[in-house]
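Every number in the working numbering is 915 more than the matching position in the sequence shown, counting from 1. Quick reminder that beta carbons are idealized off the backbone N, C-alpha and C, glycines included. First the structure, in the form of structure tokens, and then the observations on it.
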Amino acid sequence: MSYHNPYTPPRKSATFDDHTLAEIRRAAATGIYDIRGAGTKRKVPHFDDLLFLGASISRYPLEGYREKCDTTVVLGSRFAKKPITLKTPITIAGMSFGALSGNAKEALGRGATIAGTSTTTGDGGMTDEERGHSQTLVYQYLPSRYGMNPKDLRRADAIEVVVGQGAKPGGGGMLLGQKISDRVANMRNLPKGIDQRSACRHPDWTGPDDLEIKIMELREITDWEKPIYVKVGGARPYYDTALAVKAGADVVVLDGMQGGTAATQDVFIENVGMPTLACIRPAVQALQDLGMHRKVQLIISGGIRSGADVAKALALGADAVAIGTAALVALGDNDPKWEEEYQKLGTTAGAYDDWHEGKDPAGITTQDPELASRLDPIAAGRRLANYLKVMTLEAQTIARACGKNHLHNLEPEDLCALTMEAAAMAQIPLAGTNWYPGKGGF
916 MSYHNPYTPP
926 RKSATFDDHT
936 LAEIRRAAAT
946 GIYDIRGAGT
956 KRKVPHFDDL
966 LFLGASISRY
976 PLEGYREKCD
986 TTVVLGSRFA
996 KKPITLKTPI
1006 TIAGMSFGAL
1016 SGNAKEALGR
1026 GATIAGTSTT
1036 TGDGGMTDEE
1046 RGHSQTLVYQ
1056 YLPSRYGMNP
1066 KDLRRADAIE
1076 VVVGQGAKPG
1086 GGGMLLGQKI
1096 SDRVANMRNL
1106 PKGIDQRSAC
1116 RHPDWTGPDD
1126 LEIKIMELRE
1136 ITDWEKPIYV
1146 KVGGARPYYD
1156 TALAVKAGAD
1166 VVVLDGMQGG
1176 TAATQDVFIE
1186 NVGMPTLACI
1196 RPAVQALQDL
1206 GMHRKVQLII
1216 SGGIRSGADV
1226 AKALALGADA
1236 VAIGTAALVA
1246 LGDNDPKWEE
1256 EYQKLGTTAG
1266 AYDDWHEGKD
1276 PAGITTQDPE
1286 LASRLDPIAA
1296 GRRLANYLKV
1306 MTLEAQTIAR
1316 ACGKNHLHNL
1326 EPEDLCALTM
1336 EAAAMAQIPL
1346 AGTNWYPGKG
1356 GF
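Structure follows, in structure tokens:
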């Protein structure tokens, strides 16, 4: 005879929680893995676990209205004849036409131009609208080679060789058939309406020696004018950064697991890669060991949301950051005004991530002409520019409070950590101590 204690409520398993149970049932019913967009939704140590130590007596703050705090950054000064200069160290990450609507890509270009920064093409080639509205445009060179041609390489202001992405290091992406319109199919040389998978590795190299040859080819095609970036997903940041530098990169882009994707397996997004916070210091250490810190620029991406995040990434040694998901939110993604339509899709504003389906009510991650027309690229571009302006001002405010007249003068000494995990990952002392795990001694 069983007995139930009426004073004890039923307990659910922490291991088999509601989401896990639902996923087991979905897998059993369908026999296929789950696909979605965006980045990891699990909680990992992040920039929120760090705090700045503002100036008082031992440090002298800068007066915000009278003393300058510079935000400019030069990218690609190692080998390129024409390095690019940005007014703010906040750039727009690569997001493809195909994953995004034409209006969304135009809006990203418009917003970045107003703010004085760069945007990036993504997989699938360069659109005329994107090039026309982007003062500084980085052209992504991916394993798929979709849309790649020498003409567009030369039209770009920089080239980003994509080796990996934070949401799926070691894995390729996908673009489902419902988003492969006539224009997308033509640009990618693919059949319309057929699911497309991007390769997980480049077809013409198997290691860093081949990467060096490829970088040389790209330099010759562009007459050594364009900065060459190498983008890696956050998995082995020390070695990947070192090898990218030795292969001849001008800039290393390092994307942590909070970085988003247009579409890939959920199991990949949640279980492969490392948190952005854990990636920065090993990459900086690699640059320092090679004597290349600040000579080869480091761009950090993956979960950047505010000027405080920007300032923390730069204090840890980055030269700039890139935003993707946050930029889409600034354009109007997951806006509560579309809540009724999000609910019809079985989700809610703030949680919508089925970008691969092409049904985005906000008109951003879709190729449906009716939905895409909902996004005004001019108004959306202004919203993005406002957001970039606020982030830059927030980062400046923090830098001045730490007594710094340039964002790049922020340093690890300006930070403390709130948790043991963050202290260990960022190699920043735990608040109230001069110690972090691995340092030894108090």
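Out of the options, point me to the one whose CA is closest to residue i's CA.
i: residue 1325; options: 1229, 1341, 940; result: 1229
i: residue 1235; options: 1214, 1226, 969; result: 1214
i: residue 1046; options: 1085, 1023, 1350; result: 1023
i: residue 995; options: 1257, 1177, 1073; result: 1073
i: residue 1027; options: 1065, 1316, 945, 1300; result: 1300
i: residue 1313; options: 969, 1265, 959; result: 969
i: residue 1050; options: 1344, 1032, 1348, 975; result: 1032
i: residue 1009; options: 1345, 1177, 1108, 1065; result: 1177
i: residue 1068; options: 1142, 1334, 1085; result: 1142
i: residue 1136; options: 959, 1063, 1251, 1344; result: 1063
i: residue 947; options: 1182, 1119, 1226, 1196; result: 1182
i: residue 961; options: 1109, 1295, 1227, 1266; result: 1227
i: residue 930; options: 939, 986, 924; result: 939
i: residue 1216; options: 1048, 1080, 985, 1333; result: 1080
i: residue 963; options: 1351, 925, 1334; result: 1334
i: residue 1044; options: 1021, 1108, 1065; result: 1021
Return the Cβ separation of residue i and residue j in integer angstroms, given the expectation that the two are a contact with Cβ distance under 8 Å.
i: residue 1320; j: residue 982; result: 7 Å
i: residue 1007; j: residue 1237; result: 7 Å
i: residue 1279; j: residue 1322; result: So it is not a contact: roughly 29 Å between Cβ atoms.
i: residue 1282; j: residue 1016; result: 6 Å
i: residue 1276; j: residue 1257; result: 6 Å
i: residue 1310; j: residue 1331; result: Wrong, their Cβ atoms sit about 18 Å apart, outside the cutoff.
i: residue 1192; j: residue 1337; result: 6 Å
i: residue 967; j: residue 1224; result: Not confirmed; about 12 Å, so no contact.
i: residue 1231; j: residue 1184; result: 24 Å between Cβ atoms; not a contact.
Just to confirm, is the Cβ distance from residue i to residue j under 9 Å?
i: residue 1167; j: residue 1212; result: yes
i: residue 1293; j: residue 1025; result: yes
i: residue 1272; j: residue 1091; result: yes
i: residue 1290; j: residue 1019; result: yes
i: residue 1082; j: residue 953; result: yes
i: residue 1052; j: residue 1071; result: yes
i: residue 1307; j: residue 1003; result: yes
i: residue 1144; j: residue 1076; result: yes
i: residue 1287; j: residue 965; result: no
i: residue 997; j: residue 1140; result: yes
i: residue 999; j: residue 1219; result: no
i: residue 1163; j: residue 1134; result: yes
i: residue 1318; j: residue 1339; result: no
i: residue 1180; j: residue 1086; result: yes
i: residue 1362; j: residue 1011; result: Any answer about residue 1362 is impossible in this case: the structure gives the chain only from 916 up to 1357.
i: residue 1061; j: residue 1111; result: yes
i: residue 976; j: residue 1297; result: no
i: residue 942; j: residue 949; result: yes
i: residue 1305; j: residue 1206; result: no
i: residue 1117; j: residue 1160; result: no
i: residue 1156; j: residue 1114; result: no
Counting only beta-carbon separations shorter than 9 Å, does residue i have a partner in chain C?
i: residue 1222; result: The chain inventory of the structure shown lacks chain C, comprising one protein chain alone.
Evaluate contact between the region 1148-1158 and the region 1238-1258, counting only Cβ atoms and requiring at least three cross-stretch pairs below 8 Å. At 8 Å Cβ cutoff, the stretches do not touch.
Sufficient close CB pairs (3 or more, under 8 Å) joining the region 980-996 to the region 1259-1268: no
Decide if the region 1092-1107 is in contact with the region 1154-1174; the criterion is three or more beta carbon pairs, one per stretch, under 8 Å apart. no
Please confirm if the region 1181-1197 is in contact with the region 1104-1124, defined as three or more CB-CB distances below 8 Å between the two stretches. no
Quick test of the definition: if touching needs 3 or more C-beta pairs under 8 Å, does the region 1039-1052 touch the region 1125-1137? no
Can you list the beta strand (DSSP E) stretches of 3 or more residues lying completely in the region 1259-1306, in chain order? Whole beta strand (DSSP E) segments, 3+ residues: zero.
Length-filtered (4 minimum) alpha helix (DSSP H) runs lying within the region 926-993: 933-945
In chain order, each beta strand (DSSP E) run of at least 3 residues that lies wholly inside the region 1068-1147: 1073-1077
Minimum length 4: unbroken alpha helix (DSSP H) runs contained in the region 1001-1055: 1017-1030, 1043-1048
Taking the runs of the alpha helix (DSSP H) that are 4 residues or longer, which of them lie wholly in the region 1210-1237? Counting only runs of 4 or more, we get 1222-1230.
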